[in-house]
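Enquirer:
If you want it as structure tokens, here you go:
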């Protein structure tokens, strides 16, 4: 059974600081997704990582994927209040008819304060 | 263009009643997914439709849950004899699976609807 674990689950950051959210998954998959969810809202797609070594950046967020370590990181640079949200990583089960579904991590609640 | 829409946005029901939730995917998206998000938790996969293939129902928690989709359009998720533990936000997503050179045909960026918040009293 595919399991996805994120850490930390709660992250309180000061504005201007850097931090990293980690996402580990238990079985082979080379498609990993990061989503953002604001309170009471739906999920917004941030990044899709398709191959080992993939790195994508958007503004103050940078995501990377190491398929050999089964690890993805979401790095936050010089945090600002607008980044406060819950961040989820999700992995696609590879192969068979179930390849479309996503298995999600528990989510990391990020709070950025002055 | 229009995104994924869901209705109703909120539903309050009494224990034992049946409820029907609706999802309108993005036009042209062949794949449609239902997920459940309990308070403070991540999303749990429920069911997946892809074109005319048999749906993947492996995530449905009990036989009280069922879903249908007509062609590549609207889907309905039905929960019979609702229980309090069914209270959650039910999210629908759609995608257009793409086949990229060098990758299995499972690259599919899922676009989520706003969800239906179900409260069972």
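Protein chains in written order, with the numbering used here: chain A, 1 to 114; chain B, 1001 to 1121.
Where is the CB? At the ideal position from N, CA and C, for every residue including glycine.
(1) Within 10 angstroms of the Cβ of residue 1009 (chain B), are there 16 or more other Cβ atoms? Answer buried if so, exposed if not.
(2) Return the bridge partner residues of residue 1078 (chain B) from the DSSP annotation.
(3) Once DSSP output is grouped into helix, strand and coil, what is the label at residue 1085 (chain B)?
(4) Under 7 Å Cβ-Cβ, which residues of chain B neighbour residue 102 (chain A)?
(5) Kindly say whether residue 1118 (chain B), judged by its beta-carbon, lies nearer than 9 Å to any beta-carbon of chain A.
(6) Would you identify the three-state DSSP class for residue 1029 (chain B), choosing helix, strand or coil?
(7) Below 9 Å between beta carbons: does that hold for residue 10 (chain A) and residue 111 (chain A)?
(8) For residue 26 (chain A) and chain B, any beta-carbon pair shorter than 9 Å?
(9) Measuring alpha carbon to alpha carbon, tell me which residue in A:107, A:85, A:88, A:80 is nearest residue 16 (chain A).
(10) Return the chain-ordered list of same chain residues with a C-beta closer than 6 Å to the C-beta of residue 1089 (chain B), the five sequence neighbours on each side being excluded.
(11) When Cβ atoms are compared, which residues of the segment 68-86 of chain A fall closer than 7 Å to chain B?
Expert: The answer reads as follows:
(1) exposed
(2) B:1020, B:1066
(3) helix
(4) 1045, 1110
(5) no
(6) coil
(7) yes
(8) no
(9) A:80
(10) 1037, 1115, 1117
(11) none
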